[in-house]
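Encoded as structure tokens, the structure appears first; notes follow it.
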Amino acid sequence: MIFPCEKAVWYNLPQIRADIAAGLVKSGMTQSCAAGKLGVTPAAVSQYLHKKRGRQTEKTEEYLAGIETAVKKICAGACSNEIRAIVCQCCQIISRHDEQGGIVCQETL
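Residue numbers for the sequence shown follow full-length UniProt numbering, so the first one is 1 and each next one is one higher.
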């Protein structure tokens with residue numbers, strides 16, 4: 001049995017990180033700087049960009065707007081609590097639109 005939180009950690013969060021990393025690099029940030037902002041290694045960012053990490057599923061407009069907001073806030077130096085809230089929302093969006101459905105967590109944002 002796979003619990004919803006396991007699914008979030010193994011599938012949703014890597015996808016979110018990959019999409020945020022791609023957005024940061026697209027905005028002109030170096031892979032090394034993007035890695036520092038995300039708390040991952042530069043090698044992880046490289047793998048995200050080459051789609052070797054982070055599953056790639058269909059992305060809704062709502063999800064892409066959340067990723068874009070996260071990228072802009074990270075570039076502007078937003079606090080980690082703001083980013084955490086956006087990442088949680090993106091995770092819930094993925095879960096809602098996932099084939100197996102279901103909200104991963106019930107945290108009120």
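No residue lacks a Cβ here, since even glycine has one placed at the ideal position from N, Cα and C.
The DSSP-derived three-state label of residue 5 is helix. In this structure, residue 53 lies near residue 44, with their beta-carbon atoms less than 8 Å apart. Apart from the 5 residues on each side of it in sequence, residue 16 sits with its Cβ closer than 6 Å to the Cβ of 87, 90 in its chain, given in chain order.
Residue state for residue 88 is assigned as helix, using DSSP reduced to three classes. Our two residues, residue 83 and residue 92, have alpha carbons roughly 14 Å apart in a direct line.
The segment 34-51 makes no contact with the segment 1-11: fewer than 3 CB pairs, one atom from each, lie closer than 8 Å.
If only uninterrupted beta strand (DSSP E) runs of at least 3 residues are considered, none is enclosed by the segment 35-71.
Taking all protein chains in view, the Cβ of residue 95 is crowded by 16 or more other Cβ atoms within 10 Å, so the residue is classified as buried.
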